[in-house]
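The numbering of the sequence shown is this note's numbering, which starts it at 1 and goes up by one. Each residue gets a CB set at the ideal place from its N, CA and C atoms; glycine is no exception. Okay, so here's the structure we're looking at.
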Amino acid sequence: MKVINPATGAVIAEVDADDAAAVRNKYAVARAAQPRWAAVPIRKRLEAIAKFRENIVARHEALARTLTSEVGKPIRQSRNELNGLLGRIDFFLAEAVGALREEKIYADPTQKLDERITHEPLGVIANISAWNYPYFVGSNVFVPALVSGNAVLYKPSEFATLTGLHIADMLHEAGVPRDVFVPVIGDGATGAALTRQPVDGIFFTGSYATGAKIAAAAARRMVKVQLELGGKDPIYVCDDVDVQAAAAAVADGAFYNTGQSCCSVERIYVHESIHDAFVAAFVAEVKSYKIGDPMDESTYIGAITRRPQLDVLKQQVADAKKKGAKLLTGGGVIRGKGNWFEPTVFTGVDHSMAMMRDESFGPIIGIQSVADDDAAVDLMNDTEYGLTAGVYTNDDKRARRILKRIHSGSVYWNCCDRVSPRLPWSGVGHSGIGLTLSTYGIQTFTRPKAWHLRSA
Ligand code: NDP
Numbered sequence: 001m002k003v004i005n006p007a008t009g010a011v012i013a014e015v016d017a018d019d020a021a022a023v024r025n026k027y028a029v030a031r032a033a034q035p036r037w038a039a040v041p042i043r044k045r046l047e048a049i050a051k052f053r054e055n056i057v058a059r060h061e062a063l064a065r066t067l068t069s070e071v072g073k074p075i076r077q078s079r080n081e082l083n084g085l086l087g088r089i090d091f092f093l094a095e096a097v098g099a100l101r102e103e104k105i106y107a108d109p110t111q112k113l114d115e116r117i118t119h120e121p122l123g124v125i126a127n128i129s130a131w132n133y134p135y136f137v138g139s140n141v142f143v144p145a146l147v148s149g150n151a152v153l154y155k156p157s158e159f160a161t162l163t164g165l166h167i168a169d170m171l172h173e174a175g176v177p178r179d180v181f182v183p184v185i186g187d188g189a190t191g192a193a194l195t196r197q198p199v200d201g202i203f204f205t206g207s208y209a210t211g212a213k214i215a216a217a218a219a220r221r222m223v224k225v226q227l228e229l230g231g232k233d234p235i236y237v238c239d240d241v242d243v244q245a246a247a248a249a250v251a252d253g254a255f256y257n258t259g260q261s262c263c264s265v266e267r268i269y270v271h272e273s274i275h276d277a278f279v280a281a282f283v284a285e286v287k288s289y290k291i292g293d294p295m296d297e298s299t300y301i302g303a304i305t306r307r308p309q310l311d312v313l314k315q316q317v318a319d320a321k322k323k324g325a326k327l328l329t330g331g332g333v334i335r336g337k338g339n340w341f342e343p344t345v346f347t348g349v350d351h352s353m354a355m356m357r358d359e360s361f362g363p364i365i366g367i368q369s370v371a372d373d374d375a376a377v378d379l380m381n382d383t384e385y386g387l388t389a390g391v392y393t394n395d396d397k398r399a400r401r402i403l404k405r406i407h408s409g410s411v412y413w414n415c416c417d418r419v420s421p422r423l424p425w426s427g428v429g430h431s432g433i434g435l436t437l438s439t440y441g442i443q444t445f446t447r448p449k450a451w452h453l454r455s456a
């Protein structure tokens, strides 16, 4: 399998992909190894994860450069991802023992009755991962899964294969046995072969379309399936904000990682009384972004990782234009080597347009004027997705009133495009089922076992 630099189109590596037989063998290896790993004391498993963290710190710059070269992410943003990863690992290191401790639920000495819950590993799990934040979306699964005693068959996206192999090397060097964390390398067909193995859980991060296929593949097997999928994340900017500051923050939420985040701002609603001022500030901010070589320290907009996404972006732009939206900046593919799209801003958009309904997953955004808070809430909820949503206002009560009515896994007040290891990460509707992160996101890799104990 060829690994291509999306910024240049150059082949930067070739790797051996796993065919269906190799995937079956890897499953068998992990199945045999899992009970031994579950029997290792949790403190020892945590020591291995702490060593993995040390390995990341030691190789930080080289890892950032590999990531940039295979996904086209600006180098500063690759470093940010690795720094964020360290914080997530610290959270798991601090919280795992407490989250996985045996719970004494009830005791009645008169009846000699004792009721307890233990958190048992699921067994062997498949971790099928996306390319856009491979360290984040991978570690949200494999770190707590390993800590809680599971074996992990880890399939990185074909667009983040080198990063996936680095992760495997660093875990193995840290003391996680090779048969307990097993990388499975390949494209979607390899992923599909993995979902056909009799694993005890499938933890998937990716698009709604693939998530639906995986749910269907697993439906008859009655195993845990967790799907972290896409979003069409809205922001509403109220009339009482500092317009310049809000425009800069929301633009960053829309264009960071070149718009290729599950929680990128994908729709903007602005109160009509500040609409024109907000749009002017927003466009000025976007025009200041530097596009170019992702290895350059000053680059903010990088490459589009998957080439087919250029067609999705082109179609959304053409559809918006045809339906009367006003293009303020950008609007097209940047010709030359690699995959590039101009940062693009439209106003005069509405929900008849694909740009306001379907995930764009790129550097394009529509801004829609709204008359009041009720209209904004109706539009924010008018989506099949429900990953994140946010409001910018100086009024705490107004923010809470609005956010209470929003159907999404996460809500933001005066912030956006943000993930915290301390809070659950989940979606509703087409954004998925289940959750990662927080202490719930540790327990999710276990099965609560009920103990009914009556002493003689
Ligand atoms: P895809 O759905 O294309 O792929 C995700 C993973 O599934 C990849 O490893 C892919 O392999 C694999 N895959 C593809 N087809 C199959 C199949 N039939 N069976 C099993 N596995 C398969 O998503 P992307 O990687 O393009 O990621 C972008 C999407 O992920 C966006 O929608 C984004 O919003 C979402 N996402 C959601 C997050 C969340 O936390 N909710 C976080 C990050 C991203 P390969 O790539 O090799 O084809």
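Reducing DSSP to helix, strand and coil, say where residue i ends up.
| i | result |
| --- | --- |
| I185 | coil |
| V40 | coil |
| F278 | helix |
| K321 | helix |
| H119 | strand |
| D365 | Asp is not the amino acid found at residue 365; the sequence shown has Ile there. If DSSP states are grouped into helix, strand and coil, I365 belongs with the strands. |
| P109 | helix |
| V152 | strand |
| L67 | helix |
| K326 | strand |
| T388 | strand |
| A457 | This structure gives no information on residue 457, because the portion of the chain shown stretches from 1 to 456. |
| Y133 | coil |
| V419 | coil |
| I304 | coil |
Return the first residue and the last residue of the alpha helix (DSSP H) that residue i is part of.
| i | result |
| --- | --- |
| A160 | Element bounds for A160: n/a, residue is neither H nor E. |
| I402 | D396 to K404 |
| T210 | Y208 to A218 |
| H442 | The question names His, but residue 442 in the sequence shown is Ile. Its alpha helix (DSSP H) spans residues Y440 to Q443. |
| G480 | This structure leaves residue 480 out entirely; the chain is present only between 1 and 456. |
| V377 | D373 to N381 |
Determine the contact status of residue i and residue j, defining contact as a CB-CB distance below 8 Å.
| i | j | result |
| --- | --- | --- |
| N132 | S69 | no |
| R116 | E103 | yes |
| V223 | A30 | no |
| A38 | P294 | no |
| I202 | A218 | yes |
| V317 | T205 | no |
| W413 | V391 | yes |
| Q226 | G434 | yes |
| V147 | I49 | yes |
| K474 | M353 | Residue 474 falls outside the range modelled here, since the chain spans only 1 to 456, and no answer is possible. |
List the endpoints of the continuous beta strand (DSSP E) containing residue i.
| i | result |
| --- | --- |
| D233 | D233 to V237 |
| A126 | V124 to I128 |
| Q226 | K224 to E228 |
| R88 | No beta strand (DSSP E) holds R88; the alpha helix (DSSP H) holding it covers I75 to L100. |
| Y412 | S410 to W413 |
| A450 | T446 to R454 |
Quick check on residue i - is its C-beta less than 8 Å from some C-beta in chain B?
| i | result |
| --- | --- |
| I12 | The structure shown contains no chain B, having only a single protein chain. |
Taking contact to mean at least 3 C-beta pairs separated by less than 8 Å, is the stretch 146-153 in contact with the stretch 205-217? no
Stretch pair the stretch 363-372 + the stretch 332-347: three plus CB contacts closer than 8 Å: yes
Counting pairs of Cβ atoms below 8 Å between the stretch 261-268 and the stretch 231-239, do you hit three or more? yes
Are there three or more Cβ pairs, one per stretch, closer than 8 Å when the stretch 182-198 is compared with the stretch 70-84? no
Three or more C-beta pairs under 8 Å: does that hold for the stretch 390-404 against the stretch 170-184? no
Decide yes or no for the touch test of the stretch 109-129 against the stretch 237-252: beta carbon pairs closer than 8 Å, at least 3 of them. no
Would you call the stretch 375-387 and the stretch 285-302 in contact, with 3 or more CB pairs under 8 Å? no
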